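Once you know that position 80 of the sequence shown is 80 in UniProt numbering, the rest is easy, because the numbers rise by one and skip nothing. Just so you know, even glycine gets a beta-carbon here, dropped at the ideal spot from N, CA and C. Since the structure is predicted, the reported quantities are computational estimates derived from the model, not experimental observations. Before any comments, here is the structure.
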Amino acid sequence: MPLPYGKAICYSGYRNGQSPVTSDYPSYEQIREDLLILESDWDYIRLYDSSVHAERVLKVIEDEKLSLKVLLGNDLAAELSNSNCPWGADYSVMQLAENKAYNVRGLLRTVELSNRYSDIVVAVSIGNEASVDWTDHLVSVESLVAYALILKEKISQPITFCENYVPWWNKLAPLVEVIDFVSIHTYPVWEYHGLESAMSYTISNYTSVASKYPDKPVIITEAGWATKSNGRGIEVHNASEELQCEYLKQLVDWAENEQVLTFVFEAFDEFWKGSEHSDEPEKHWGIYYESRTAKPAVKALLSTNR
1 MPLPYGKAIC
11 YSGYRNGQSP
21 VTSDYPSYEQ
31 IREDLLILES
41 DWDYIRLYDS
51 SVHAERVLKV
61 IEDEKLSLKV
71 LLGNDLAAEL
81 SNSNCPWGAD
91 YSVMQLAENK
101 AYNVRGLLRT
111 VELSNRYSDI
121 VVAVSIGNEA
131 SVDWTDHLVS
141 VESLVAYALI
151 LKEKISQPIT
161 FCENYVPWWN
171 KLAPLVEVID
181 FVSIHTYPVW
191 EYHGLESAMS
201 YTISNYTSVA
211 SKYPDKPVII
221 TEAGWATKSN
231 GRGIEVHNAS
241 EELQCEYLKQ
251 LVDWAENEQV
261 LTFVFEAFDE
271 FWKGSEHSDE
281 PEKHWGIYYE
291 SRTAKPAVKA
301 LLSTNR
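Next up, the structure:
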């Protein structure tokens, strides 16, 4: 396995009024506060890109001599229009060309950070959810393979791609040949499962990919449960702190028993995400509130984590 088993969580530190869309990034001190909260209970954090935010995270870990290790990400913009995206993903030829240039620049920045912080960055992802049929930032498998080969040439860390479990069944088979391990996302609550079937569905998602690639390590880079919903995509009754608490406890127990590296989604609520509605589910996946106070899941996970 490229990465030893450990306790893992997704981290994005954007607070109320901050957003990667507006390039309003958390400060060094805000990131330091977050990482000091997380360090004692988690071994790995996952970052989604190689932006200023990611660079500050790596700098804090280095300066403060924190024990956290990082799965570093790379932000990909659409290189293809996608009529299957429910919220629209139709781009001009000029925009797609600009996006391609953005992706290449981002990849080179990922290389630079991976090499500069090689003692902290233990693995690197080509991108995130850029091949699933509903994505608004669709990238061809051929491009993903090309990006993987660039990374393999320029960095020493193992590489992966973070994606919903479905594209791994067939579409991403050419990519599997050139990456070091497979990273899947599984969200039973988005697929209208209640708690009674959620964990069995998660295991089924994982097994469906792991059994297809018996010679390639498979980890989970996103699995979680929303604590609020306005009904958009998740029924209101199926999003609560109690459900999050129980699902994540089951998830972490299973991951520990099976030694499957699993990144809990996610550390902190992020208000910049989704619609303007305060109960938009995209805003409420953290095990900590945006205020940095703990939700009930934290206590449950601490008893499992250490």
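Span separating the alpha-carbon of residue i from that of residue j
i      : j      : result
Tyr187 : Tyr117 : 31 angstroms
Gly286 : Asp215 : 33 angstroms
Glu62  : Leu47  : 16 angstroms
Asn238 : Lys59  : 39 angstroms
Glu276 : Lys283 : 10 angstroms
Asp41  : Lys299 : 11 angstroms
Lys69  : Ala101 : 29 angstroms
Val52  : Val21  : 12 angstroms
Thr293 : Ser92  : 43 angstroms
Trp225 : Val104 : 33 angstroms
Gly88  : Leu107 : 25 angstroms
Of the listed residues the options, nearest to residue i (C-alpha basis)
i      : options                           : result
Ser291 : Leu38, Phe268 and Val104          : Phe268
Ala210 : Glu191, Lys171, Glu235 and Val182 : Val182
Lys152 : Glu246, Ser125 and Val93          : Ser125
Val121 : Leu36, Tyr165 and Glu112          : Glu112
Leu243 : Asn205, Asp90, Glu276 and Ser229  : Ser229
Tyr11  : Leu3, Ser19 and Asp34             : Asp34
Thr227 : Ile203, Leu195, Val252 and Val218 : Leu195
Lys65  : Glu39, Trp87 and Asp75            : Glu39
Ser131 : Leu175, Trp254, Lys7 and Asp279   : Leu175
Phe265 : Glu79, Lys249 and Trp168          : Lys249
Leu302 : Val218, Ser240 and Ala8           : Ala8
Met199 : Cys245, Gly231 and Lys171         : Cys245
Assigned exposure category for residue i - 16 Cβ within 10 Å defines buried
i      : result
Tyr25  : buried
His137 : buried
Gln95  : exposed
Arg56  : buried
Pro281 : buried
Asp119 : exposed
Trp134 : exposed
Arg306 : Caution is warranted here: a pLDDT of 49 is assigned to Arg306, below 50, making its placement in the model unreliable, and the coordinate value is therefore given only provisionally. Under this definition Arg306 is an exposed residue.
Arg32  : buried
Supposed close pair residue i, residue j - CB separation, criterion 8 angstroms
i      : j      : result
Trp190 : Ile234 : 7 angstroms
Thr160 : Ile220 : 11 angstroms between Cβ atoms; not a contact.
Gly13  : Gln30  : 6 angstroms
Tyr165 : Asn205 : 4 angstroms
Proximity test, residue i beta-carbon vs the ligand FAD heavy atom, cut-off 7 angstroms
i     : result
Tyr25 : Looking at this structure, you won't find the ligand FAD or any other ligand, since it has none at all.
With a floor of 4 residues, list each alpha helix (DSSP H) that falls wholly inside the segment 47-111, ordered by position along the chain.
-> 52-64
For the segment 161-192, which segments carrying the beta strand (DSSP E) assignment without a break, of at least 3 residues, lie completely within its bounds, in sequence order?
-> 182-185
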